[in-house]
């Protein structure tokens, strides 16, 4: 077996260590709360209410966490790949100017409105495709990810268009889970310090459960608040540090539609599904470009909505249609995404 192959296998195994750590902590918290506190220490209606609320928050947390982990990143469709002839010509050319000319010719019919900072076509040499807007290559997953936000080691997956909603719900239900556990354990934590609890090993579960829940709550709160701000601005973590470059130059608010529509882009149109880890995200990007040779603004608007339980994620993305309005104000339908 080649050393490089062994190294890749080791990296894949090690990548699951943070996920395994979270799973073990959650499993221990379940045992400590349900068995050591509710079953052993509590009696009556209070214990029943605590158990019902705990299990509701626990199920939603595990569900959203699992969806974030196991939802594959959405990748560009074949339309963004170079043809065989263009690929061969691109590889033969040594001058960057000639390579860019090939890319410009290949991208002329694609709905691409952002470039690199040097105004070049965004091309991935690794995946050998022209990058759609907001698409970036993930070195950990070794694929180009649509609307990529970041690669998260705690879920061992890229967070992007296909699972960003799940990631937000995972953070939200993590907060609720930790808050509920910390709040309900607090009275027993106080009794621990005042020696009102019997001298059993349950005392140590109470002590560590409160500290772990409080610690995770504080650490996740800042991250969740940051991503709520990103959703309101319709930005990704990458775009916060490096504003996308449009025809008129960099514009950090180039994809913002206003807070309401920005929320719809992540959570979808049907509010009854917003709090469920079911794929409902839609593409609603808008950017107004002023052509220097014309007095008319050229409006570029794309929209596509995917509803839950009607299409699987792969089918939904593969069949999504986007409408592009050009200078002539005529509308043409194009295929943008696919897996």
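In this note's numbering, the protein residues as written are 236 to 574.
Think of the CB as a built atom: it goes at the ideal place given N, C-alpha and C, for glycine as much as any other residue.
Residue range of the beta strand (DSSP E) that residue i falls in?
i: residue 436; result: Run containing residue 436: none; DSSP gives neither H nor E here.
i: residue 380; result: 378-380
i: residue 394; result: 392-394
i: residue 362; result: Run containing residue 362: none; DSSP gives neither H nor E here.
i: residue 387; result: 385-387
Only counting the same chain, and skipping five residues up and downstream in sequence, which positions put a Cβ closer than 6 Å to that of residue i?
i: residue 394; result: 384, 385, 387 and 402
i: residue 244; result: none
i: residue 545; result: With a pLDDT of 32 at residue 545, under the threshold of 50, the modelled position of that residue is not reliable, and the figure given next carries that caveat. For residue 545, where only same-chain residues beyond five positions count, there are no Cβ hits under 6 Å.
i: residue 472; result: 384 and 385
i: residue 404; result: 299 and 512
i: residue 240; result: none
i: residue 470; result: none
i: residue 253; result: 388 and 389
i: residue 547; result: Residue placement at residue 547 cannot be trusted, given a pLDDT of 34 that sits under 50; what the coordinates show is reported in the next sentence. For residue 547, where only same-chain residues beyond five positions count, there are no Cβ hits under 6 Å.
i: residue 487; result: 478
Is residue i near residue j, with beta carbons less than 7 Å apart?
i: residue 390; j: residue 303; result: yes
i: residue 347; j: residue 358; result: no
i: residue 397; j: residue 308; result: yes
i: residue 437; j: residue 417; result: no
i: residue 494; j: residue 451; result: no
i: residue 295; j: residue 423; result: no
i: residue 445; j: residue 420; result: yes
i: residue 292; j: residue 415; result: yes
In terms of alpha-carbon separation, which member of the options lies closest to residue i?
i: residue 350; options: 480, 495, 494 and 502; result: 480
i: residue 474; options: 262, 352, 337 and 306; result: 352
i: residue 502; options: 461, 428 and 399; result: 399
i: residue 300; options: 337, 406 and 281; result: 406
i: residue 382; options: 392, 373, 369 and 374; result: 369
i: residue 484; options: 310, 354 and 327; result: 354
i: residue 262; options: 250, 371, 297 and 239; result: 297
i: residue 305; options: 251, 360 and 464; result: 251
i: residue 492; options: 468, 330, 476 and 477; result: 468
i: residue 360; options: 238, 326 and 264; result: 326
i: residue 247; options: 496, 372, 392 and 324; result: 392
i: residue 373; options: 257, 280, 486 and 310; result: 310
Assuming residue i is part of the alpha helix (DSSP H), what are its boundary residues?
i: residue 494; result: 494-502
i: residue 373; result: Note, residue 373: premise wrong, no alpha helix (DSSP H); beta strand (DSSP E) at 371-373.
i: residue 413; result: 399-428
i: residue 514; result: Looking at the DSSP string, residue 514 is not in any alpha helix (DSSP H), and its letter there is neither H nor E.
i: residue 474; result: 472-476
Within its chain, find whatever has a CB closer than 8 Å to the CB of residue i; leave out the 5 residues flanking it on each side and keep chain order.
i: residue 410; result: 452, 455, 456 and 459
i: residue 273; result: 282, 285, 286 and 289
i: residue 321; result: 337, 340 and 341
i: residue 315; result: 345, 364, 365, 366 and 367
i: residue 318; result: 341
i: residue 265; result: 293
i: residue 376; result: 308, 386, 392 and 393
Leaving out five residues before and five after residue i in sequence, what residues of the same chain have Cβ atoms less than 7 Å from its Cβ?
i: residue 507; result: none
i: residue 271; result: 437 and 440
i: residue 242; result: none
i: residue 498; result: 466
i: residue 356; result: 335, 338, 339, 342, 350 and 365
i: residue 275; result: 437
As an exercise, report each continuous alpha helix (DSSP H) stretch of at least 4 residues that is fully enclosed by the region 248-280, in chain order.
252-265
Going along the chain, which unbroken runs of the beta strand (DSSP E) with 3 or more residues stay wholly within the region 270-354? none
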